[in-house]
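As you go down the protein sequences, you meet chains W and D in turn.
So the first sequence is numbered by the working numbering: it starts at 138 and just counts up by one.
So the second sequence is numbered by the working numbering: it starts at 7 and just counts up by one.
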Amino acid sequence: MALIRLVSAADSQGGALRAGRARLPDDSFVVRCGLPPFRGRPLFTACDDHPDGVYGFSVQCAAALSVEQLASACRNNTVGATTVARIRAMGFDVVPTSGQWWHATVVVPKGWSQAESERLSLLFEPISNPAARR
Amino acid sequence: MRLISADFNAMTEAGHVRLTLPCSREDILRMSLGPGDWAWLSDSEILVGAQLAIDDRYGLVGVPDWDTLVHLDEEGADDFNRVSAALNLLLKGEPPSIEEEPRILELLTQLEHVAPPQIKDASPGTFAFRRALALRQMGKLGLALLEIEDARRFRPEDPVVVFVHLDLLRLEDFPAAVAEAETVAVSPSVPALVLSACINILATQAEQAAADQFEPAARRVLDWCRRLDQAPDREQAGESLLALSHFNRGLVLLRAGRVSQAREAFEHAYRIYPVGPMLHEVAGLQTYDRHAREIARNVRTLAERWVPTRPVAA
Chain W
138 MALIRLVSAA DSQGGALRAG RARLPDDSFV VRCGLPPFRG RPLFTACDDH
188 PDGVYGFSVQ CAAALSVEQL ASACRNNTVG ATTVARIRAM GFDVVPTSGQ
238 WWHATVVVPK GWSQAESERL SLLFEPISNP AARR
Chain D
7 MRLISADFNA MTEAGHVRLT LPCSREDILR MSLGPGDWAW LSDSEILVGA
57 QLAIDDRYGL VGVPDWDTLV HLDEEGADDF NRVSAALNLL LKGEPPSIEE
107 EPRILELLTQ LEHVAPPQIK DASPGTFAFR RALALRQMGK LGLALLEIED
157 ARRFRPEDPV VVFVHLDLLR LEDFPAAVAE AETVAVSPSV PALVLSACIN
207 ILATQAEQAA ADQFEPAARR VLDWCRRLDQ APDREQAGES LLALSHFNRG
257 LVLLRAGRVS QAREAFEHAY RIYPVGPMLH EVAGLQTYDR HAREIARNVR
307 TLAERWVPTR PVAA
């Protein structure tokens, strides 16, 4: 039987450390693996409490990286892309959080509605993933 | 298919998929899954086999085996005829090469995904069965077992499916294989093919048994071998598996000190299926020693290739 209890690379202080990270610039790209508007995995059902202490759904986001670079974290043949500014303009935020590659969380209120999640999903433009991870 | 909705965006630093999202939690609760279990994770565009585990920081995660990645979002993957033609081309050359098995796994899964219900209903469990064989060839035994259990739910009486199930249990979970073989062999009408798998399992157990536990195990193996000799459908087991049963009988007899009977059984095995220098070497065994055990292990490894590839009713 394979190991079934894993020790994460991030330690228990991860949340506190990450809380001090720089705010993502507005012009940063945000990439979510999969074909927008993510009908197979609606944003509404993809939210949870991240151990870093925020509630929302996972994306790839980092300052000064191209969509292509961020999409290289995905195995899906299509990704959705938008910018931090557009997400902030809708009243939400994007913060770096622990996880693989350039993991970040789009922070949403816990009580958000399905309609709001569908509107947010429309911000993501479908882009063929030129660097899908194999 | 044991499928968990998953979000491949939510990955831990170690590359494991967080399964604490509501979409995943629902499936996990419904199927009562927990750490150690195998399942398929999917976001409806890609699908991958994974073993569930607990991460100290993230809670329940899936540890994906990316060798089993299936792209449902591949161009043409939604075209039944196209996928079917590509799969048939690969399966025509059976036995396919090991390099082709990941693609066979992918095409089977794509095909099941787009197949009209009447096709899936016509032969339930066939996709899972063939997927189990591909995964077995790829050495993904946990997932292969998951698939063959799925196939067996639909085809509990199909001797080929039961055979492959027993064989995978033998490789992945030997105590469970022994328990299952004992249960299955109780039925007087157990098909010869299935009985041959039971014999192989019990003979392995007898071989490993402590001296004081050997005799009852050996008696049972010999009893089952006699049943196989008299089974009206014994030809369905095929020459290789019948030879393996004679080999197992011989090995048990050798350990019991009945050397001439053992040699007779080995020679019989060799006559039925004279393939490979190993079985020839077996015929010369005189004592149950380290060398004999080594040969036994090699023969069983060789015999792992002797697996039927189609369910009876496919």
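Cβ atoms here follow ideal geometry from the backbone N, Cα and C, with glycine treated the same way.
For the candidate residues W:P179, W:Q206, W:L161, whose alpha-carbon lies nearest to that of L257 (chain W)? Residue numbering aside, residue 257 (chain W) sits at position 120 when the first sequence is read from its first letter. With distances taken between Cα atoms, L257 (chain W) lies closest to W:P179.
Per-residue contacts from E107 (chain D) into chain W (C-beta, under 8 Å): As a first step, residue 107 (chain D) is located in the second sequence; it is residue number 101 there, counting from the start. None at all; the shortest Cβ gap to chain W is about 17 Å.
Is it the case that the Cβ atoms of A198 (chain D) and R240 (chain D) are separated by a distance below 7 Å? Position 192 of the second sequence, counting from 1, holds the residue named residue 198 (chain D). Position 234 of the second sequence, counting from 1, holds the residue named residue 240 (chain D). For A198 (chain D) and R240 (chain D), yes; Cβs fall inside 7 Å.
Do M7 (chain D) and G236 (chain W) count as a contact pair if the criterion is CB distance below 7 Å? By 1-based counting over the first sequence, the position of residue 236 (chain W) is 99. By 1-based counting over the second sequence, the position of residue 7 (chain D) is 1. No, these two residues do not count as a Cβ contact at 7 Å.
If you follow the beta strand (DSSP E) that R169 (chain W) is in, where does it begin and where does it stop? Here residue 169 (chain W) is taken as the residue at index 32 of the first sequence, counted from 1. Run containing R169 (chain W): 166-170, per the beta strand (DSSP E) assignment.
Enumerate in chain order the residues of its own chain whose CB-to-CB distance from L93 (chain D) is below 8 Å, with the five nearest sequence positions on each side excluded. Counted from its first residue, the second sequence places residue 93 (chain D) at position 87. Cβ within range, chain order: I110, L113, L114, L117.
Helix, strand or coil: which one does DSSP assign to P233 (chain W)? As a position in the first sequence, residue 233 (chain W) is number 96, starting the count at 1. It is a strand residue.
Helix, strand or coil at P45 (chain D) according to DSSP, with G and I counted as helix: By one-based count along the second sequence, residue 45 (chain D) stands at place 39. Reading the sequence as shown, one finds Ala at residue 45 (chain D) and not Pro. In this structure, A45 (chain D) counts as strand in the three-state DSSP scheme.
Counting only beta-carbon separations shorter than 7 Å, does E19 (chain D) have a partner in chain W? Position 13 of the second sequence, counted from the start, is the residue given in the question as residue 19 (chain D). Yes, contact with chain W.
Is there a Cβ of chain W sitting closer than 7 Å to that of T115 (chain D), yes or no? In the second sequence, residue 115 (chain D) corresponds to position 109, counting from 1. With 7 Å as the cut-off, T115 (chain D) does not count as an interface residue toward chain W.
V192 (chain D): buried (16+ other C-beta within 10 angstroms of its C-beta) or exposed? Within the second sequence, residue 192 (chain D) is the residue found at index 186, counting from 1. The residue is exposed, with fewer than 16 neighbouring Cβ atoms inside 10 Å.
Do C170 (chain W) and N213 (chain W) have their beta-carbon atoms positioned less than 7 Å apart in this structure? Counting from one through the first sequence, the residue named residue 213 (chain W) turns up at place 76. Counting from one through the first sequence, the residue named residue 170 (chain W) turns up at place 33. Contact: yes.
Within chain D, the residues that D185 (chain W) reaches when beta carbons sit closer than 8 Å: Residue mapping note: residue 185 (chain W) aligns to position 48 of the first sequence, counting from 1. Residues of chain D passing the Cβ test: A16, R24, T26, L27, P28.
Whole alpha helix (DSSP H) runs in the segment 54-119 of chain D with 4 or more residues, listed along the chain? 86-98
Whose Cβ in chain D lies nearer than 8 Å to the Cβ of R169 (chain W)? Looking up residue 169 (chain W) in the first sequence gives position 32. In chain order: N15.
Can you tell me where the alpha helix (DSSP H) holding Y276 (chain D) begins and where it ends? Stepping through the second sequence from its first residue, residue 276 (chain D) is reached at position 270. Looking at the DSSP string, the run of the alpha helix (DSSP H) that includes Y276 (chain D) is 265-278.
Got a sec? Which residues, its chain only, sit under 7 Å from L374 (chain D) by beta carbon, not counting five neighbours each side? The question about residue 374 (chain D) has no answer here: the residues shown for chain D are numbered 7 through 320.
So is N87 (chain D) buried or exposed if we call it buried at 16+ other beta carbons inside 10 Å? For the purposes of this step, residue 87 (chain D) is taken as residue 81 along the second sequence, with counting starting at 1. By the neighbour-count rule (16 or more Cβ atoms within 10 Å), N87 (chain D) is not buried but exposed.
I want to verify the contact list: residues of chain D whose CB lies under 9 Å from the CB of V244 (chain W), in sequence order. Within the first sequence, residue 244 (chain W) is the residue found at index 107, counting from 1. Per Cβ cutoff of 9 Å: no residues; V244 (chain W) is ~14 Å from chain D at best.
Scan the segment 58-71 of chain D for residues whose Cβ lies nearer than 8 Å to a Cβ of chain W and list them as they occur along the chain. Within the segment 58-71 of chain D, the residues whose Cβ lies closer than 8 Å to some Cβ of chain W are L58, A59, I60, D61, D62, R63, Y64, V67, V69, listed in chain order.
By the criterion of Cβ-Cβ separation under 8 Å, what are the contact partners of S90 (chain D) in chain W? By one-based count along the second sequence, residue 90 (chain D) stands at place 84. Those within 8 Å of S90 (chain D) in chain W number zero; the least Cβ separation is about 21 Å.
Give me the Cβ distance between A2 (chain D) and A138 (chain D), rounded to the nearest whole Å; I'm assuming they're in contact under 8 Å. Shown here, chain D extends from 7 to 320; a query on residue 2 (chain D) therefore has no answer.
Taking the alpha-carbon positions, what's the G21 (chain D) to S48 (chain D) distance? As a working mapping, residue 21 (chain D) is identified with position 15 in the second sequence. As a working mapping, residue 48 (chain D) is identified with position 42 in the second sequence. Answer to the nearest angstrom: the Cα atoms are 15 Å apart.
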